[in-house]
Amino acid sequence: MKKKMNRRTFLKYSAAVGATTAIAGVPTLLRAQAPEIKIASIQPVTGVLSDIGISMRRGNQMAVDDINAKGGIKSMGGAKLRLLLGDSEAKEDVARSEAERVIKDGATCLVGPFLSGNAMTIATLCEQRGVPFVMDVAAADDITRKGFKYTFRVFATTSKFADSMLFYMDKIMKEKNISKIRGVVTNTGDLFGRVQGATFIKALKDKKFPIEVLGHIEYPLGIQDLSAEISKIKALKPDVLFPVARPGDAKLMIRELYKQRVELQGIISPGSPGWYEPEFIRDMKALADFVMDNVPWYNPVGKMYKEVNSAFSKKFPGKYIDTNSGYAYLGVLVIADALERAKSTKPDDIVAALKKTYFKQDLMVGLAVSFDERGDNVNADTAMIQIIGQSIKVVLPEKAAEAKYIHPMPKQIWDRGV
Amino acid sequence: MDLNLILQLTTSGFLLGGVYSLIALGLSLIFGVMKVINFAHGAMLVWGMYIAFTLMNWTGIDPFFSFAVSAACLFVLGYIVQRTVVNRIMTFHESMQVIAMVGVMMVLENMAQLIWGPDPHSPHTKYSLSTVWLGSVMIDIPRLLAFILAILIAAAVFVFLKYTDIGKSIRASADNRIGALIVGANVNKVYAVCFGVGAACVGAAGSLLVPLMPVSPHTGFPFKLTSFAIVILGGMGSLPGAMIGGLMIGVAESLGTVFIPSSLKQVISFGIMVLILLLRPKGLFGGKG
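Here the protein sequences come in this chain order: D and Z.
Here the first sequence is numbered in this note's numbering, starting from 1 and rising by one per residue.
Here the second sequence is numbered in this note's numbering, starting from 1001 and rising by one per residue.
Structure, rendered in structure tokens:
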């Protein structure tokens, strides 16, 4: 006789299935779930530097995904990292409020924020709240000179930029038999731009370096017209322009130099974005050639670089790992390494582990990441890159060089048949 | 002092001032008629830029021709914004109006970032790098063309306001809203058209700027600030004031870089604005205090 499924029978079976699941299934699922560790990325994802901010967030997120794919933080039972996202809008006050929010949401460590001014506000807050903060990109020396205990910097400092720049310029001048260069320094008016420009000029004066600064021109971040500034540069008749720029104004500058026919031997940045992003070369084409930039660049022969860059370019067509996305990736790896050794999410344990960091990497130029008593990465280094044939090449140091640098520029910007 | 430098800066500033004028004209028109400050003006400029940029990429049409398309699209956008947002807040206190208009700005800016991405684009047109030299002074061809077109567009707006029925209604509504209502003007429609025309001006200006500067979602912000200073200098709601003010601020900002650091460039326009507010609050061409 066939038994009918009535309402009472259905409820009975449902209850049995439910109870079985409750007793056996759910704990199994819970047991399988690894704990989760929240870290937070704060980058300028909207606002005047959103292109860089998005690139950096992508670097942070890809590092988190890669760590999780490789089993998470193994010393903590394979705990997975979860990236909380914050947007500073390139504003100090927003950076602080976003940091406050992610700390409230349970972030055990913060990473970011590209802008030195933003980094200063976040570092101050993290010190008050006792939360570790790893700066992936932010160069102003002052940030780590406040005696902060919870702040670490993977990136190079502005002093490091200046030292490397002088080292490379010395080499170029000696090899090309140039006894003196008359230059103009330009920079954006944000904290990084100001500090970077001023530190370079101070280093030249302190070391009595044979580069005479004819003029120092500072303009606001997000400027839309550089015609007046370029007219002033032209009137000063420099040999070399030393610009500290951002993506938008780098393009404006090149176009104005072209239009106003400013004669130069070279454009050599003491270290700044604007010159190496894919969009700069895409839009400027031959005008971009021969620009040099002293930046913490990727290591072109590094195994890690090749793997990460390949995955990055595949995931984001038309993009490649550059200074910003590369250091964003590295910043998260350093945090994961500290968590692995700390075996804890307690802030003081993470800080203790960060202090003992010796993270071997060949993603960026420079040796293993290791912090000094201030929290600066003692091994962060820069390379001199140059755009040659509309492609970026490392030209110095020689051990990492992909091509020989070209100086002076063989053709003026306005004489390249564009 | 280097005379060539002074001449060069004056020329560059004057030519860019023409585009400033067109941007400020739209802002002044909207304020003059509706007494609403369009905080989304900079974001609308960006939309004008992106429409011209997209057309250029898809069809190859030069931004100096496609400004009419940008203007038409922005007219529609302005009309919709007026009917859906501005019309509801016109009787509110200014501080509440600001919140709504900043909201519109944020929506427009972030929509632009979602659609076109965050990267700045500097499209290459046939003459974006062209120049002519008058002795040692360089005249930037795209800047000159932008100036000429901006002045022509502004003249067309003056003709529209002076000689068309809807233009007369706009001026009537600006002078006396109740009076315009009594004589049968459809004030709601007039306001929407007026907002649309103001947005079209800034849309056209956006198109004219494409060969001159990188297109990015946040390009509009400094222009918005400058156009506020221009409108106050020229007189709130005064269209000739916006035109003259734009040229004056253009030259002052450019020449000012000789005397003060470029990083303080905006101090010039805001300094002029503060001086005007102190000495002549109605502006150079304002009718009422």
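No residue lacks a Cβ here, since even glycine has one placed at the ideal position from N, Cα and C.
Bear in mind the structure is a predicted one, so any value in this text is a computation, not a measurement.
Listed by position along chain D, the residues whose Cβ is nearer than 7 Å to that of ASN1057/Z form an empty set, because the closest Cβ is around 12 Å away. Minimum Cα-Cα distance from GLY266/D among the listed residues GLY248/D, ASP289/D, ARG246/D and LYS285/D corresponds to ASP289/D. Within the segment 357-396 of chain D, the runs of beta strand (DSSP E) at least 3 residues long that lie entirely inside it are, in chain order, 383-388 and 391-396. Of all residues in the segment 210-235 of chain D, those with a C-beta nearer than 7 Å to a C-beta of chain Z are ILE217, GLU218, TYR219, PRO220, GLY222, GLN224, ASP225, SER227, ALA228, GLU229, SER231, LYS232 and ALA235, reading in chain order.
Its Cα nearest to that of ASP1119/Z, the residue PRO1217/Z stands out among PRO1240/Z, PRO1217/Z and VAL1258/Z. Using a Cβ-Cβ cut-off of 8 Å, MET1248/Z is close to nothing in chain D; its nearest Cβ partner there is about 15 Å away. Residue pairing by DSSP puts TYR298/D in a beta bridge opposite MET364/D. Here the segment 1038-1050 of chain Z makes contact with the segment 1072-1079 of chain Z; the two share three or more CB pairs at distances below 8 Å. LYS232/D counts as buried, since no fewer than 16 other beta carbons sit within 10 angstroms of its beta carbon. Relative to GLU1253/Z, the option among THR1011/Z, LEU1022/Z, THR1131/Z and ASN1004/Z whose CA is nearest is THR1011/Z. Sorting ALA401/D, VAL195/D, GLY78/D and GLU212/D by C-alpha distance to the C-alpha of GLY271/D places VAL195/D at the top.
In the displayed model, THR345/D falls within coil according to three-state DSSP, outside both helix and strand.
Taking a contact to require three or more Cβ pairs closer than 8 Å, the segment 94-110 of chain D and the segment 60-76 of chain D do not qualify as touching.
Listed along chain Z, the residues sitting closer than 8 Å to GLU279/D by beta-carbon distance are ASP1119, PRO1120 and HIS1121. The Cβ-Cβ distance between PHE1195/Z and GLN1097/Z does not fall below 8 Å. In the assembly as shown, LYS399/D is an exposed residue. Its beta-carbon has fewer than 16 other beta-carbons within 10 Å. In the structure shown, the three-state DSSP call for SER310/D is helix.
Note: TYR219/D is bridge-paired with THR188/D in the DSSP secondary-structure output.
In the pairwise beta carbon analysis, the segment 1217-1229 of chain Z is classified as not touching the segment 1060-1072 of chain Z: fewer than three pairs are separated by under 8 Å.
The beta carbon of GLY274/D is closer than 6 Å to those of ALA245, ARG246, PRO247 and ALA250 in its chain, skipping five residues each way along the sequence. ARG1143/Z: member of the alpha helix (DSSP H) spanning 1141-1163, first to last residue.
Residues are counted here when their Cβ sits less than 7 Å from a Cβ of chain Z; for the segment 43-54 of chain D these are THR46, GLY47, VAL48, SER50, ASP51 and ILE54, given in chain order.
In this structure LYS149/D does not touch ALA380/D by the C-beta definition: roughly 20 Å separates them, more than the 8 Å allowed. Taken in chain order, the complete beta strand (DSSP E) segments of 3 or more residues contained in the segment 228-261 of chain D are 240-244. Interface flag for PHE1259/Z against chain D is unset, since no Cβ pair is found closer than 8 Å.
Taken in chain order, the complete alpha helix (DSSP H) segments of 4 residues or longer contained in the segment 151-200 of chain D are 158-175.
A contact is defined here as three or more CB-CB pairs under 8 Å, and the segment 1168-1187 of chain Z fails this definition with respect to the segment 276-292 of chain D. For ALA1185/Z, no beta strand (DSSP E) run applies, since DSSP gives it neither H nor E. With its beta carbon less than 8 Å from one in chain Z, GLN260/D belongs to the interface. In the same chain as ILE67/D, and ignoring 5 residues on each side of it, the C-beta atoms closer than 8 Å to its own belong to ILE73, LEU81, VAL332, LEU333 and ALA336, in chain order.
According to the DSSP assignment, SER1070/Z belongs to the alpha helix (DSSP H) that extends over 1063-1081. Contact of ASP283/D with chain Z by beta-carbon distance below 9 Å involves PRO1120, HIS1121, SER1122, PRO1123, HIS1124 and PRO1214. Relative to the Cα of PHE1064/Z, the nearest Cα in the group ILE1153/Z, ILE1139/Z, ASN1188/Z and ILE1030/Z belongs to ILE1153/Z.
For a cut-off of 8 Å, the C-beta gap from PHE200/D to VAL185/D is around 6 Å, short enough to register as a contact. Distance from the CA atom of ASP349/D to the CA atom of THR1125/Z, rounded to whole angstroms, is 57 Å. Cβ atoms of ILE211/D and MET253/D stay farther apart than 8 Å, at about 19 Å.
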